[in-house]
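Numbering (this note's numbering), first residue to last: 1 to 452.
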C-alpha cells in the first residue's frame, strides 16, 4: 500500500454548534486548549501521514492561519482546497481529490478521538485494500447508523436501527475515492419519512460501496471519542480528553522553574510547564495539567482539569474545568466546564457550561445547573429538541452584569450582554442586550417614621 495522504473536511458552517460556530469554524473549537484540527493533524502524524489537504470554506482563513503556524513543527506538507458552498462531505472530499492522488485518510474536522484510531484505520485499509471506516456505539438516533456484520459494513442509513454509527474517519483507496464520484447528491439511504437536505453525504457513498459487495472494513474506535456537533459536545469532548490524560498521570511533572509552595496541599499528580507556580493554601484534589507562566494561588481549590498559559486562578475559587489561556478566575468564583481564552470570571460567580472567548462575567453571575424535576435538559436546535447538559453556553465577546442569572440550557449569541439582575430563561440572539424593566414604589421615610 502506498503512503496515505491526509484529508480534513472543515468547510461546513456547523450551525448546530451555535453560538460557538458563529465566530469560528468547528475545527477551531478548542479541546484541551488545542483546536480540534490540531487533534486531527496529530492523528495523521501518528498514522505516518506527511501530506495533507485541508478543505476550507466558512471562515476558512482561521483554519489556514493556524495550520500554517504549526505545520512546520508537525513536519507536514499542507495544501488547501476550497468549498465555496456547503454541498456535503462527499463534495468536499472530491475537491480535495483534485489535489491528491492515491489512498487517503479522511477526517471530519469536528471529530476528537485518540490518535491510535487513525493508526488502526490505516492498518485496516492495508488489509481490506479498498476501504475502512471508523464506527462507534450509538448513543441516540440522530446519526448515520451502520449495519456491521463480521467486521464489515453492510449498509449505512440515517436513523437506522443498528448499534453503530459512522465516527467521521475513513481510510479510502484511490479506487474508493473514484467511487465517491457516483454520489447522487442526496442521502437516499434514509428511513421512510426522513427529509434529507440536498447535500452529497460521504455516508451515502460508503453505503453504496458496501452494497456493491466491496469490502468496507468497520473499525471500532477505542479510547475517547466525541463528534462535536452541539455546544454541549464541547463539554463532553473536553472532559473525555482530560480523563484520557489524567488516567496516564502517576506523579508530578514540573518543567523548568515551575514550582509548588510547601504551603499547598497536593493530593493528586500535577503537570506544570515552565514559569508556573502553585502557591500557599492551594488544594489540588484531582490531576491537573497547567501551562506556562500560570499562577494558581491563595486558596484556590482545583478539582481537576486543564489550565492554559498565562492564566491566573486565585483567591479561594473552585475549579473543575478546562481553562484557556490568558484567563482570570478569582475571588470565590466556582467554574465547571470549559472556558475559552481571554475570559474573566471573578467575584463569587458560579458558572457551569461553556464560556467563549473574550467574555467578561460580572460579579455574582450564576448559571443554574439543576432542574427542580431532575429531568434531562432539552434544548431546541434548528427546530428540533435534543437532550443536552444542564449548563449554559455563552458565545464569544459577551458580558454579564452583576447578579445576572442564566438558566440551564440557555445559549447566548456572541456580542451580547445580559444586564444586571436579569433572569434569562431563553436563548439570546447575537448582538443583543437584555435589561430588566422594573417598577419602583417610592414612599416617604425619615426620622418621622423611624426616629424621634
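Glycine residues also receive a C-beta, built at the ideal position from the N, C-alpha and C atoms.
- For residue 68, the enclosing alpha helix (DSSP H) covers residues 60-74.
- Contact between residue 433 and residue 417 holds: CB atoms are separated by about 4 Å, below the 8 Å threshold.
- When secondary structure is reduced to three states using DSSP, residue 382 falls in the coil class, being assigned neither helix nor strand.
- Here residue 320 is not near residue 112, since their CB atoms are 9 Å or more apart.
- Look at residue 406 here: in three-state DSSP terms it is strand.
- Secondary structure note for residue 397: it is in no alpha helix (DSSP H), with a DSSP letter that is neither H nor E.
- Counting of Cβ neighbours within 10 angstroms places residue 69 among the exposed residues, the total staying below 16.
- If you draw a straight line from the Cα of residue 28 to the Cα of residue 21, it comes to about 9 Å.
- Distances from the alpha-carbon of residue 15 to those of 59, 282 and 223 put 59 closest.
- For residue 412 and residue 372, the gap between their C-alpha atoms comes out near 22 Å.
- If you draw a straight line from the Cα of residue 312 to the Cα of residue 93, it comes to about 43 Å.
- Beta-bridge partners assigned by DSSP to residue 221: none are found.
- If you check the CB distance, residue 208 and residue 183 come in under 9 Å.
- Beta-bridge partners assigned by DSSP to residue 158: 144 and 190.
- Using a C-beta cut-off of 8 Å, the stretch 115-129 makes contact with the stretch 39-58, since at least three inter-stretch Cβ pairs fall below that distance.
- Between residue 220 and residue 136, the CB-CB gap stays under 9 Å.
- At least 9 Å separates the beta-carbon of residue 229 from that of residue 91.
- Cβ atoms of residue 169 and residue 114 stay farther apart than 8 Å, at about 11 Å.
- When C-alpha distances from residue 367 are compared across 97, 211, 402 and 341, the shortest belongs to 402.
- Residue pairing by DSSP puts residue 302 in a beta bridge opposite 284 and 319.
- With contact defined as three or more Cβ pairs closer than 8 Å, the stretch 157-167 and the stretch 188-204 are in contact.
- Between residue 354 and residue 345, the gap from beta carbon to beta carbon reaches 9 Å or more.
- Beta-bridge partners assigned by DSSP to residue 367: 406.
- Relative to the Cα of residue 242, the nearest Cα in the group 258, 255, 225 and 256 belongs to 225.
- By the 16-neighbour rule on beta-carbons within 10 angstroms, residue 232 is buried.
- The closest CA to that of residue 10, considering only 81, 32, 42 and 31, is found on 81.
- In the three-state scheme derived from DSSP, where H, G and I count as helix and E and B as strand, residue 36 is classed as helix.
- Going by DSSP, residue 116 is part of the alpha helix (DSSP H) stretching over 115-128.
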